[in-house]
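Please read the structure below before turning to the comments.
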Amino acid sequence: MGYNVEMKRTTLACIPLILLIVGISNGQASRPPDFSGPYFGQAPPGAVPQRFAPGFVSTAGYDLTPTFSPGLDEVFFGRRASEEGSDNKIYYSRMTRGRWEEPVPAAFSSGAAEYEAQFSPDGGRVYFNRGKMIFFSQRTEAGWSEARPVAAPADEGMCAAPARNGTLYFTAARNKVYGIFRSGYDGGRYLEPEIVVRMAAHPWVAPDESFLVFDKYAFAGGAQTSKLYASFRRTDGSWSDPVELGKDINATGTELIPKISPDGKYLFFQRKIDGNTDVYWVDAKVIEAVR
100 MGYNVEMKRT
110 TLACIPLILL
120 IVGISNGQAS
130 RPPDFSGPYF
140 GQAPPGAVPQ
150 RFAPGFVSTA
160 GYDLTPTFSP
170 GLDEVFFGRR
180 ASEEGSDNKI
190 YYSRMTRGRW
200 EEPVPAAFSS
210 GAAEYEAQFS
220 PDGGRVYFNR
230 GKMIFFSQRT
240 EAGWSEARPV
250 AAPADEGMCA
260 APARNGTLYF
270 TAARNKVYGI
280 FRSGYDGGRY
290 LEPEIVVRMA
300 AHPWVAPDES
310 FLVFDKYAFA
320 GGAQTSKLYA
330 SFRRTDGSWS
340 DPVELGKDIN
350 ATGTELIPKI
360 SPDGKYLFFQ
370 RKIDGNTDVY
380 WVDAKVIEAV
390 R
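Here the sequence shown stands for residues 100 to 390, where the numbers follow the working numbering.
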């Protein structure tokens, strides 16, 4: 009799542990990742790109390269359900008391397809494109303003990248020329755009305009590929020929939309593996390595 009682006690004591193990295996007791601190608390990458913020920025959808505020406490990024989809939205999140809030559609979103947000170097504006037009939203005390189109002649294009002096770089097709254009900013107005890099897209420019990173498409074996490049500005204002960023960066032929973090430490871009496009990051020293 004593033996049976002891067995019952042992069995009952084990039940909570068994339930806990079963619950964890079913995902019932697992906790969501704690995204806190700069760069969502991710371990800094080295010279080999790593998938960035899985479950927050990198998901099962088609994820586009993020842009961070100078304080590293706000982020905008794009996402849609699939590569073929047209429902692209820009999402926003901010860090509050050290933790990142759930991303929500940007306050300036119109509900239409919108792409490729980019902070200005001072964090006071965010640029993006809606259709074939470039828009911006201004930071205000109440939050982000309603979007307004950039003034002509810098209004038509995509993936606008602002320099510290207000100059805009963007992708466009003008006068039968496709590539990255530069529109200077002087006296409160944009100047006529000039071609900088032909047959290239998705620029990011250093705040002092000392270099550009971008992507270029090519065709190999009947398939379209894309790779990341850099170009460096010479003392006379001209630009060097595009330099490929190397095999570790351009590992799959699907790399697109490069951006450098505001602190200059990391290069972000998107890459497709096994049919899923995610965001990757790598030490920005890869830029200096090809200068």
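For glycine and all other residues, C-beta sits at the position ideal for the given N, C-alpha and C.
If distances are taken between C-alpha atoms only, which option among 150, 135, 133 comes closest to residue 365?
The option with the nearest alpha carbon to residue 365 is 150.
Is it the case that the Cβ atoms of residue 155 and residue 166 are separated by a distance below 8 Å?
Their beta carbons are not under 8 Å apart, which means residue 155 does not touch residue 166 by this criterion.
In whole angstroms, give me the CA-to-CA distance for residue 170 and residue 243.
So the two alpha carbons sit approximately 16 Å from each other.
According to DSSP, residue 300 sits in a beta bridge with which residue or residues?
Answer by DSSP bridge pairing, in chain order: 314.
Just checking my contact of residue 213 with residue 233 at CB under 8 Å: how many whole Å lie between their CB atoms?
Between residue 233 and residue 213 the Cβ distance is about 11 Å, and since that is not below 8 Å, they are no contact.
Kindly confirm or deny that the stretch 328-341 and the stretch 366-375 touch, where touching means at least three C-beta pairs closer than 8 Å.
Verdict: no, contact absent.
Kindly provide the ranges of any beta strand (DSSP E) runs that are 3 or more residues long and lie completely inside the stretch 185-229, ordered along the chain.
You should have 188-195, 213-218, 224-229.
Look up residue 155 in the DSSP assignment and say whether it is helix, strand or coil.
Three-state result, residue 155: coil.
May I ask which residues mark the beginning and end of the beta strand (DSSP E) holding residue 173?
Under the DSSP assignment, residue 173 falls in the beta strand (DSSP E) whose first and last residues are 173-179.
For residue 348, the three-state DSSP class (helix, strand or coil):
When secondary structure is reduced to three states using DSSP, residue 348 falls in the coil class, being assigned neither helix nor strand.
Do the stretch 332-339 and the stretch 235-255 touch if we need at least three Cβ pairs shorter than 8 Å?
Contact fails: fewer than three Cβ-Cβ distances are below 8 Å.
Residue 360 versus 387, 204, 220, 181, residue with shortest Cα-Cα distance:
It is 220.
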